[in-house]
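Read the structure below first, then the notes.
There are 2 protein chains.
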Amino acid sequence: MIIFATYYFTMKVGILGGGQLGRMLLQASANYVVETYVLENDKNCPAAHLCHHFVEGDIRDFNAVYEFGKNLDALTIEIESVNVEALEKLESEGVRIYPKPSAIKTIKNKIKQKEFYKQHEIPSADFIITENSTDLSNYTSFFPAVHKIAEGGYDGKGVQVIMNESHIDKGFNAASVLEKMVNIRKEIAVIVAMNDLGETAVYSPAEMIFDPVLNLLDYQISPAQIPEKTYWKAEAIALKVIKELQSPGLFAVELFMDENENIWVNETAPRVHNSGHHTIEANYCSQYDMLWRIMLQYPLGNTAAIMPSAIVNILGEEGYNGNAKYEGLNAVLEMENVFVHLYGKNQTKAGRKMGHVTILHKDFTNLVHRAHAIKNLLKVIA
Amino acid sequence: MIIFATYYFTMKVGILGGGQLGRMLLQASANYVVETYVLENDKNCPAAHLCHHFVEGDIRDFNAVYEFGKNLDALTIEIESVNVEALEKLESEGVRIYPKPSAIKTIKNKIKQKEFYKQHEIPSADFIITENSTDLSNYTSFFPAVHKIAEGGYDGKGVQVIMNESHIDKGFNAASVLEKMVNIRKEIAVIVAMNDLGETAVYSPAEMIFDPVLNLLDYQISPAQIPEKTYWKAEAIALKVIKELQSPGLFAVELFMDENENIWVNETAPRVHNSGHHTIEANYCSQYDMLWRIMLQYPLGNTAAIMPSAIVNILGEEGYNGNAKYEGLNAVLEMENVFVHLYGKNQTKAGRKMGHVTILHKDFTNLVHRAHAIKNLLKVIA
Chain A
8 MIIFATYYFT MKVGILGGGQ LGRMLLQASA NYVVETYVLE NDKNCPAAHL CHHFVEGDIR
68 DFNAVYEFGK NLDALTIEIE SVNVEALEKL ESEGVRIYPK PSAIKTIKNK IKQKEFYKQH
128 EIPSADFIIT ENSTDLSNYT SFFPAVHKIA EGGYDGKGVQ VIMNESHIDK GFNAASVLEK
188 MVNIRKEIAV IVAMNDLGET AVYSPAEMIF DPVLNLLDYQ ISPAQIPEKT YWKAEAIALK
248 VIKELQSPGL FAVELFMDEN ENIWVNETAP RVHNSGHHTI EANYCSQYDM LWRIMLQYPL
308 GNTAAIMPSA IVNILGEEGY NGNAKYEGLN AVLEMENVFV HLYGKNQTKA GRKMGHVTIL
368 HKDFTNLVHR AHAIKNLLKV IA
Chain B
8 MIIFATYYFT MKVGILGGGQ LGRMLLQASA NYVVETYVLE NDKNCPAAHL CHHFVEGDIR
68 DFNAVYEFGK NLDALTIEIE SVNVEALEKL ESEGVRIYPK PSAIKTIKNK IKQKEFYKQH
128 EIPSADFIIT ENSTDLSNYT SFFPAVHKIA EGGYDGKGVQ VIMNESHIDK GFNAASVLEK
188 MVNIRKEIAV IVAMNDLGET AVYSPAEMIF DPVLNLLDYQ ISPAQIPEKT YWKAEAIALK
248 VIKELQSPGL FAVELFMDEN ENIWVNETAP RVHNSGHHTI EANYCSQYDM LWRIMLQYPL
308 GNTAAIMPSA IVNILGEEGY NGNAKYEGLN AVLEMENVFV HLYGKNQTKA GRKMGHVTIL
368 HKDFTNLVHR AHAIKNLLKV IA
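Same order as they appear, the protein sequences are chains A and B.
Once you know that position 266 of the first sequence is 273 in the working numbering, the rest is easy, because the numbers rise by one and skip nothing.
Once you know that position 47 of the second sequence is 54 in the working numbering, the rest is easy, because the numbers rise by one and skip nothing.
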């Protein structure tokens with residue numbers, strides 16, 4: 008709502024982007040005293056109604072971002088595709104930006120991101136920089152590999168697996184990274200946080216299981232079922248990423264565990280992340296709460312888990328476009344240990360993230376069983 | 008924010024009142040697809056910025072409530088002092104009201120409430136109806152007793168203890184109830200819920216410890232430390248209250264346990280309640296989530312506790328009036344098993360509810376220890 012009050016002693020914090028991550032961030036903000044702002048093109052976005060001040064505008068536009076941010080105390084992002092130049096100007100004028108524009112710059116371009124890992128000796132798959140799709144034919148000995156577009160990829164888009172020469176035509180005709188394929192046994196993610204003082208906090212690794220068709224997360228278990236040695240290695244590497252980025256904020260470091268239980272960084276997201284949704288119910292301090300603590304300059308929170316958990320993503324069912332309906336929702340709401348989160352998106356389409364369900368249980372088998380049941384029961388149709 | 012979209016298939020739900028209960032209700036609403044409305048006089052109230060549509064108006068005014076509600080699917084309240092006549096008209100026109108106006112009418116007048124308990128043989132202290140303060144001198148043999156004003160009491164206001172004749176001048180010069188004093192050993196509260204189908208859900212009794220000076224809740228432990236037999240009795244009596252009220256909605260039944268472990272109903276609140284704040288983190292389905300499930304006609308949630316818990320209320324420190332500052336907040340935020348909730352009120356005054364802290368721990372002693380530490384550390388000053 009538009010509020011006309013003067014907010015004494017209250018920090019003004021803005022979010023670039025108004026999707027589900029912004030929505031959950033604002034839900035958490037209501038535990039504190041803070042005046043909230045959202046910049047987003049779509050005035051019906053999931054986060055628009057949960058802030059003090061919604062501003063309609065393009066997060067990729069220099070002026071829109073600069074005008075939005077210039078009177079704020081702090082700013083964060085819920086998506087990487089923002090105007091970094093405006094954030095740099097705001098930073099130079101004293102607005103605190105989480106994460107720092109320099110970290111966003113490093114991460115949002117996959118070439119820079121890979122070079123960053125190499126420079127800091129952070130284990131990540133070997134790579135070659137390609138300028139266009141025909142370049143790929145020069146590197147056939149590097150196959151099987153993964154072609155990742157340098158800028159603009161999101162949610163599995165902008166990534167192509169190149170097993171052999173017959174796949175070359177799937178490659179991107181733009182600056183990209185060709186990454187040596189890792190023999191993946193598990194995909195895991197570690198949420199890490201750093202405050203203005205350089206203090207850090209790490210969440211337990213979560214294990215992600217992907218849908219091979221949509222290349223979107225199928226479900227996720229936390230803590231990851233990996234050897235203890237690997238567990239600590241994953242945490243140490245995630246911490247190294249955030250320390251080398253030299254930026255306060257909250258980050259999700261996505262990792263591969265290979266067949267020899269070695270850990271490789273896949274990529275880093277400089278923001279609250281899908282792989283941390285379970286922390287809302289499963290951890291003492293959620294990833295959203297943690298980012299507020301950092302932005303409001305409060306002490307870091309406790310990352311310990313209250314209980315093991317799983318997340319099932321609720322994706323738009325293939326073949327349906329239009330006004331969303333949730334088939335099987337009542338059956339899921341009747342389950343005794345699940346928490347439903349719908350993002351309030353009116354329109355569904357195949358693979359669109361419409362919500363998620365968190366499952367809490369002390370037994371791993373119950374988590375997996377429930378996750379499968381929910382995947383089968385809950386469908387978003389139109 | 009003001010949103011201009013058309014919401015297909017989305018229920019419109021309104022809340023009368025925009026205080027902290029509305030704030031936490033709206034926080035929970037963001038887990039579902041629902042278009043939210045708030046009616047409240049103060050456009051800077053804790054809930055104003057968390058709804059789709061904020062309407063400035065008086066919840067005690069017939070026209071304000073009727074105009075606010077006439078295009079909604081469902082309505083709830085976060086305070087009893089609303090215009091019940093407007094709710095009755097809205098109900099007759101098909102708007103679903105939680106709780107039913109008939110239940111609000113019974114509860115908001117303490118004389119009617121006491122007569123309701125008597126009529127339905129629900130154990131509650133003996134009482135006499137008084138018309139004015141001089142009436143009290145006719146009932147000296149009934150002392151010690153508690154004088155409760157029939158309408159308008161809230162948060163300990165409108166209640167006076169009359170130990171003997173020398174206290175008569177503290178009595179209310181308005182229609183009131185004079186209640187025989189119960190020899191209280193414990194004060195407990197039970198949250199109960201009922202849906203449109205008449206299905207019910209009960210939360211474990213919580214035990215409340217009051218500050219004798221401000222007559223406001225000091226801290227609370229859940230589950231209550233009472234004999235198992237008494238535990239079931241408390242639940243059964245709370246369930247009887249809601250069944251006899253014949254109204255869907257969420258209710259808090261406040262009870263006394265006397266020295267013989269008998270249970271007496273003190274009073275009932277027909278809405279989400281301070282005694283249920285811990286359910287946000289401590290229970291699978293919070294009291295706020297439960298009310299949304301009822302209003303959106305979803306299945307009832309699981310009332311089981313994830314862990315035992317305590318609540319400490321954060322009240323405005325005596326002697327301070329003005330812009331709120333939170334002394335000791337960082338020390339509390341550093342505790343590993345606590346959850347801070349600030350209500351975003353700019354102005355503090357003595358005894359004003361400014362927030363609460365929930366503590367989770369499996370051991371009762373840790374809960375009590377932490378509660379005392381928080382009471383001593385955290386002060387709201389100006």
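Every residue gets a Cβ at the ideal spot worked out from N, C-alpha and C, and that includes glycine.
Limits of the alpha helix (DSSP H) - the one that residue i falls within
i       : result
V248(A) : E235 to L252
D296(B) : Q294 to M302
E288(A) : T286 to A289
N200(B) : This sequence places Ala at residue 200(B); Asn is not what is there. Element bounds for A200(B): not the alpha helix (DSSP H) but the beta strand (DSSP E), I191 to M201.
Q120(A) : K117 to Q126
V91(A)  : V91 to S99
L367(B) : Note, L367(B): premise wrong, no alpha helix (DSSP H); beta strand (DSSP E) at K360 to L367.
With 16 other Cβ atoms within 10 Å as the buried cut-off, status of residue i
i       : result
F371(B) : exposed
D49(A)  : exposed
Q126(A) : exposed
I270(B) : buried
G326(B) : exposed
W299(B) : buried
G21(A)  : buried
S173(A) : exposed
D203(A) : exposed
T141(A) : exposed
G205(A) : exposed
Option in the options with minimal Cα separation from residue i
i       : options                               : result
L262(A) : L246(A), E251(A), L252(A) and G64(A)  : L246(A)
A338(A) : R300(A), K382(A) and T83(A)           : K382(A)
E85(B)  : A71(B), N171(B), H280(B) and E92(B)   : H280(B)
F150(A) : D133(A), K164(A) and Y210(A)          : D133(A)
H348(A) : H363(A), N180(A), E324(A) and F69(A)  : H363(A)
F69(B)  : L28(B), E95(B), E274(B) and N116(B)   : E95(B)
A196(A) : D203(A), A380(A), G26(A) and T275(A)  : T275(A)
G256(A) : C52(A), I111(A) and P315(A)           : I111(A)
M188(A) : E206(A), Q167(A) and F179(A)          : Q167(A)
I191(B) : N267(B), S144(B) and E100(B)          : N267(B)
N116(A) : G159(A), L97(A), I135(A) and P130(A)  : G159(A)
A200(A) : P130(A), D80(A) and Y305(A)           : Y305(A)
G101(B) : Y73(B), L374(B), G29(B) and I366(B)   : Y73(B)
S183(B) : E242(B), G165(B) and V248(B)          : G165(B)
D176(B) : I198(B), K193(B), A157(B) and V153(B) : V153(B)
T207(B) : A312(B), G308(B) and I129(B)          : G308(B)
R278(B) : I249(B), M264(B), A289(B) and D265(B) : I249(B)
R30(A)  : A378(A), A389(A), M361(A) and T365(A) : M361(A)
Residue i versus residue j - alpha carbon distance
i       : j       : result
Q253(B) : L322(B) : 35 Å
T17(B)  : E63(A)  : 23 Å
A12(A)  : L33(B)  : At A12(A), the pLDDT of 43 sits below 50, so the modelled position is not reliable; the number obtained from the coordinates is stated separately. Roughly 20 Å between the two C-alpha positions.
H368(B) : R359(A) : 38 Å
D296(B) : L384(B) : 31 Å
V89(B)  : D65(A)  : 42 Å
E138(A) : E214(A) : 33 Å
A181(A) : L46(A)  : 29 Å
A380(B) : N373(B) : 10 Å
A124(B) : I135(B) : Position check: residue 124(B) holds Tyr in this sequence, whereas Ala was assumed. So the two alpha carbons sit approximately 14 Å from each other.
S36(B)  : F61(A)  : 19 Å
G283(B) : A241(B) : 16 Å
I318(B) : R377(B) : 10 Å
A357(A) : N51(B)  : 41 Å
Extent of the continuous beta strand (DSSP E) run through residue i
i       : result
R103(A) : R103 to Y105
S183(A) : S183 to K187
N273(A) : I270 to A276
I313(B) : Note, I313(B): premise wrong, no beta strand (DSSP E); not H, not E.
Exercise. If contact means a Cβ-Cβ distance below 7 Å, which residues of the stretch 341 to 363 of chain B contact chain A?
Worked result: E341, E343, N344, V347, H348, L349, G351 and N353
For this session: With 7 Å as the limit, tell me which residues of the stretch 274 to 292 of chain B have their beta carbon closer than that to any beta carbon of chain A; keep them in chain order.
Result: Y291
For this session: Below 9 Å between beta carbons is the criterion; list the residues of the stretch 307 to 324 of chain B that meet it against any residue of chain A, in chain order.
Result: L307, G308, N309, A311, I313 and M314
Exercise. Using Cβ-Cβ distances below 7 Å, what residues of the stretch 39 to 69 of chain B are close to chain A?
Worked result: Y39, V40, K50, N51, A55, H56, L57, C58, H59 and F61
Problem set entry | Under 8 Å (Cβ pairs) to chain B, residues found in the stretch 20 to 35 of chain A | R30, M31, L33 and Q34
For this session: Determine which residues of the stretch 76 to 108 of chain A have a Cβ less than 7 Å from any Cβ of chain B, and write them out in chain order.
Result: none
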